[in-house]
Structure formats: structure tokens, C-alpha cells
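Adding 646 to a residue's 1-based position in the sequence shown gives its number in the working numbering.
Using N, Cα and C, we set each Cβ at its ideal position, and we do this for glycine too.
Keep in mind that this is a model prediction, so the values were computed, not measured.
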Amino acid sequence: MRKIKNIVYNEVLWIAEELIKNSKEDANGIYWETLHKQPYGQLYNQVNEEIYNGVSGISLFFISLYKYTKEDKYLQIAEKSLSWVIHYIKTLSTKYYTFYTGTVGVIYTLVKLYEATGNLSNLDTANTLFLELKNGILEEVELDDLLSGNAGNLFVITLLYTYTKDIEQEKVIKILIEKLLKNARISKYGLKWGYVSDTVDSLTGMSHGACGIAHVLLEVGEALDYPELKWVAEKAFAYEDEYYSVSLSSWVNMRITDNPKIKNLPIEQGLSYYLEQEEDVNAWAHGNSGIGLSRLNMYKIIKKKRYKKSAIRAITKTISDLKKNIERPNYTLSTGVGSWIELLLTASRVLKEKTLTKEAQNLVKKAIANRKNIGFYGSGWYIDKQDPALLVGVSGIGHLFLQILDKNMDSILLPKIKSKKQLPIESKITLECFKKKIYGKYVKRTIWFLESNDICVDIVYENGEQGFNSRGFTRKISALIKTLDTEKRKMAKDVFKLESTAIEMLVNSNYNIYREHKKEFFIEQLSKFNNLSPSLFHQYTFQISEHIKIVNCEWQWPLLDKNICLENRYIDRNTYPVLLRLGPQNIEEFHLNLLSTLLLDILKRPRTLYDLIELLKKKLDTHDEETLQNRLMQQLQYFMMQNFIETKEKMRAI
């Protein structure tokens, strides 16, 4: 063990000297240019303040190196580089108010410098910067994830708050938690966040996915003595585990763009084909090793066997991947083998498995041997160039190697809040309120109706942490409806049928893969049908999309009008068909007129334009075929624009 530690220590010193040699200095301090990648793949050098790929991240390496060695020269580099960052961000308008990829990461780095030195001026600077960024944190952040979203900001501000006890930070913590609750969406068994173009579903993984958000909620819950947040974290893991693939021995990579073959799959094969054919990803940012790290931390804190089981799955997959021959390994943290090393190292300590320590050490020795052979560590962006950055470069490898030397060293892949501060009770939300905020929005009209009839709906959110998911929730609402008298029960069932159908669509269908498969197809088809040419329409069959449902209601239930919903008790029954369409974020509702309802009913099976004309001539009792044809073509074109129907070219006779 001493021998490997000496080897690693010498390598860390080599990395430090490389970084010092490649640094630049001006009147404001020390800085580094790092590699960046444009959307179309071109690489360029740039300087910025961020942790992921900028000066703050490299500062974190020198802070950790100072903590380990106690050598002042490393502290001076950390301080000078942060001095440069503080000046740099004052000269530019803030672009990104985020943790890893923006200016909020500077707050994190300042707190880490304070932890290493005890120098209160660093904490004061962090607090001042927080106040400058506060409005942007609350108003300019669109995502919810760890890397670039509300969850990452919640982590950093909570860390700062545990030292400052600042009332403004307390307010922001409360707002960010409420944002995460508001943006949470139900899945079959858990909760998910966000939709990104070119994905199958909400992302899994640490950087932009469910387990990154779960990790933050777990850490913040521990730091603030806020156990309700841990319940939400467990729900995020439950969603992620819906996408564990036995055939891949890993969690599904949700990004369709990573596999161009997926774009050409026939829609009929759908999600199941994707799950079987997609290639797995074993990295921190997206995939196995990041998910494994999150499960190890969850198991360490909560001690539930299912998280140990998930962690072991990730470890087993990683050990299997180690046997593959990787010609030019990428050892960086975000996208490379660096996260495998950290997973094995963390697992050896959490699960007390010494064999995993040896696996991690063997990987480290290979990394060092590879570096000595070629003279540098390749960048996560481009393997043939060295990059000083933390998440995609050599400083991150040094940061990781310090964890080999000291198990208490900070991790940037699994950041922890070690300080504690009790959040005031008035700033906390109860578990029942958590459930209500997340699940209640899906049956808002049913709740209006029940509460107007003196039914206490809040009882469905009781009974603690166990067994609460979308299906259990709808069963509890259904049980409340049964307590109403006959006439009121009919009305409650009517609105609940509409809302529960929408819930079933959300949790059992996958619109994203459908949308991505069909995106180019829809554009092409619509351009063909723009001129309303009858000859073209006659070449196709038309059928209702599998991603819509029509619910025949007996009363009107407008989504945003509580008064009309409650006035139904004074109105006789009628027929009000509502079309529900899956969208990327929610279910969209369309109220149908008579012709649309009739036409969509006919289109439950494939029909030609000729079929439709003949059927509607009889149903509408008309012989004006030309007018009917023109009207039908306009209606079909509208249906295509709204993705209500799918088209297929007719088979031609040979």
C-alpha cells in the first residue's frame, strides 16, 4: 500500500508542476486556458471562471493539494487563481448562474478555500458574491439538474448557509426546493425532471439526470435535518431504476443523438426496441459510474438494501468493462475512466471490499504508465491533447489521485456537505405538503369538486413515506369518490376519468422517442400536404396516433376555470369529447367539435381519403363530394399538424 501511495503522490506532484508550468499570470493573479468544444466539434482554447472547464476547477485541485501537503506554495496558487477569477467575473456580465458550468461554482470554490484555511475573508467574499448572483440564481436558471440547474445551486447555497446562517440564503434555499417540487413530474414509480431534445425520456445520470438531483436532495436533507427531501430523492432513484436494462446490465442512456441508428427505427418497434438495442454508457456525466456513486452515498446514509444492490450492479458492470481492450483510455472525470476509479475506490470504503481497492489501484497504475509512455493525459474533449481542466482534464485526475492518498479528501464527482445547520421549522415543508405539491396538480379539478362537497382530500397524502406512487395516489382518490352520494359520485367519476386517463398516459407512454423518431418525418410530410392536392392525399392512409386518447365527458371540465367546474352541479348531462395528447412535459387537452369527433372515431383504423368520403357521405347524408373532400383534406392537414394522426403511403400494386 505504501508503494502505490508513493507512486500516486509523485504523480500528483508531477501534475501540479505541469499545471504551474502551463499557467499564466497577470496583475490580477494566475489563470489557465482550457480546451473547449464548439457544437460542431471544433476545439479552441478559452479562459473562464467555471469548475467544469475553467479556473475555479483547477483552483480546487490546488486547494486539495494544500490540504494534503500543507505546503504554502500550493495555497498561494489557489489563492492567486481565485483572486484572478474574482476580478474576471467583475469585468464581464454573468452568463451562467450555475454550479459546475457557471459563476455559482466560484462560491463553492471560495467555501472550499475557507474550509482549508479557516480564513473568514473567503467566506465573506463568497457571501458577497451570493448577494450579487441571487437574482440571477432565482430568475435566469432554466434547468433543474446538478451540473447546470436549480439542484446544483441548492447544493452550493446550502453549503454556504451551513457556515453563514444567512437569512437571505435561507430564503433562496426555500425557493429552490419549491422550484424542484413544482417541476417534478410523476413516472410509474417515481419522479423525474425536465425534458431535453433528442432524448427518450427525462435523463438519468449525475450531471443532468435524476440521480444528480437525488444526490443534492439527500445531501441537503442531511445538512439541514430535512428528512422530507430524502423521500423525494428516493423517488428520483425509483424513476431511474425504471430504466435499468437487464440486457445492458446498466441504466439506459437516454440521449438518442449518441446512437444515430435509433433515428431510423420504425416507430412500431418503439421504446422496447430502443431499450434492447441502445449501447450503454459508463461515465459520471451520463451512465453507470455516476449512478453507482449516487447509490453508494444513498446506501451509506439510508442503509436500505436496494441501494446497495444498485451500487453492486454498477460495480459489476464497471469490472466487466475493465476487461475490454481500450486502445487509448480517457482517464478524465466526467466522461472517462476516472469515474470508474472513484466508483471502485468509494465502493471499497463503503462496502468494505478490499478487492475493489486493488482494482482501483490497478487502474491508477495503468493510467500513470500510460501517461509516462505518451507524456501526458489526454483531454476528455480530445485524447491527443492535454487539458488543465478539472472535469475533462489533468487537474481532475490529480484531484482524484488525492483521494487514493486520503479517504477524507473532497470529491467533485460526489460532492458532500459535511457541515450541518438546522433549518428553522417555518422554512420547511411537511412530507404531506411535498406529496400534495407534486401529485395534486394532476387531479386539480377532481380535488376542486371533492373539496366543494366537504371531502378532506389531504388524507390521501398521509401514512408516511412508504408505498406512495402515481398508481397508489389515483387509487386513494378513487376511494374518496366512492364516499359521495350517487349523483355527485357520477360527476366526480366523470372528471376523474379525464384526469386519471391523463395520468395513465403520462406514466405508461413515452412521447419523447415517438417525437424524435417522427420529427423529420412530420416536417417532410407536412410540406407535401401543404398544397392540399387530392391526388397526393389519395396515395396515403390515415390513422389516429397511438399518443392521443379521446375521453367522452358528460360535463365540461375546463382546465383553468374552477367556477365552471363547480357549476356543473346545476347543469344536465351532455356529451363533451376531450382529446388528450402527450407532450414532452405534460398532457395537452383539446375540446372537439362534432366533425372532429366523428372523423377521429372513424380513424381508429387505417382509412384512405376515399374511405372517409364514402363513410361521411352516409353519416352526414350529403352528396356534395367535392366540398366534403376539400373539407376533409383541410381537417386531415390540421390533424397532421397537431400530431393527432399518422400517415402511411399505400402499397402500390405490382
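Beta-bridge pairing by DSSP links glutamate 1292 to Gln1189. The beta-carbon distance between leucine 1048 and serine 710, rounded to whole angstroms, is 5 angstroms. This is short enough to meet the 8 angstroms contact definition. About 5 angstroms separates the beta carbons of serine 1098 and leucine 1212, which is inside the 8 angstroms limit, making them a contact pair. Annotation for asparagine 829: Asp790, Trp839 place their beta carbon closer than 6 angstroms to its own, counting only its chain and skipping 5 residues before and after.
Under the three-state reduction of DSSP output, valine 752 falls in the helix class. When DSSP reads this structure, tryptophan 897 sits in a beta bridge with Tyr890.
The alpha-carbon separation between arginine 1253 and histidine 1184 amounts to approximately 10 angstroms. For lysine 1081, same chain residues with a beta-carbon under 7 angstroms away, outside a window of 5 residues either side, are Tyr1107, Phe1114 in chain order. Close CB contacts of serine 994 within its chain, under the 6 angstroms cut and outside five residues either way in sequence, are with Leu1002, Thr1003 (chain order). Scanning its chain for C-beta atoms nearer than 6 angstroms, with the 5 sequence neighbours on each side dropped, one finds around valine 927 the residues Asn899, Gly933, in chain order. Rounded to whole angstroms, the Cβ separation of isoleucine 937 and threonine 992 is 13 angstroms, and the two are not in contact under 8 angstroms. Annotation: lysine 1074 to proline 1061 spans about 23 angstroms, alpha carbon to alpha carbon. Cβ-Cβ distances below 7 angstroms link threonine 810 to Leu769, Asn773 in the same chain, with the five nearest sequence neighbours on each side left out; the list follows chain order.
Threonine 1092 carries a helical assignment under DSSP once its states are collapsed to helix, strand and coil. Here the alpha carbons of leucine 793 and lysine 1136 stand approximately 48 angstroms from one another.
One Cα belongs to glutamate 888, the other to leucine 837, and the distance between them is close to 11 angstroms. A residue is called buried when at least 16 other Cβ atoms come within 10 angstroms of its Cβ; glutamine 1275 meets this threshold and is buried. Secondary structure of proline 873 (DSSP, three-state): helix. Around the CB of lysine 719, fewer than 16 other CB atoms lie within 10 Å, so the residue is classed as exposed. About 7 angstroms separates the beta carbon of threonine 744 from that of asparagine 799, a gap short enough to meet the 8 angstroms contact definition. The DSSP assignment places no complete beta strand (DSSP E) segment of no fewer than 3 residues inside the stretch 933-969. Here the alpha carbons of isoleucine 676 and histidine 733 stand approximately 11 angstroms from one another. Across the set Ala884, Phe801, Ile735, the C-alpha of Phe801 shows the shortest separation from the C-alpha of lysine 1066. For phenylalanine 1236, the enclosing beta strand (DSSP E) starts and ends at 1233-1237.
Under the criterion of beta carbons closer than 8 angstroms, glycine 1044 and threonine 978 do not qualify as touching, at roughly 11 angstroms.
The bridge partners DSSP lists for asparagine 1198 are Pro1223. Here arginine 952 has no same chain residue with a Cβ atom under 6 angstroms from its own Cβ, once five neighbours each way along the sequence are excluded. For isoleucine 676, the secondary structure class from DSSP, reduced to helix, strand or coil, is strand. For the pair leucine 939 and glycine 703, the CB atoms are not nearer than the 8 angstroms cut-off.
DSSP places glutamine 1283 inside the alpha helix (DSSP H), whose first and last residues are 1271-1287.
The three-state reading of DSSP puts isoleucine 1029 in coil, since its state is none of H, G, I, E or B. Distance from the CA of leucine 1126 to the CA of glutamate 1150, rounded to the nearest whole angstrom, comes to 19 angstroms. In the structure shown, isoleucine 1075 adopts coil according to DSSP, grouped into three states. C-alpha of lysine 1083 to C-alpha of threonine 763: approximately 42 angstroms in a straight line.
The three-state secondary structure of tyrosine 807, taken from DSSP, is helix.
Per DSSP, tyrosine 720 is one residue of the alpha helix (DSSP H) stretching across 718-737.
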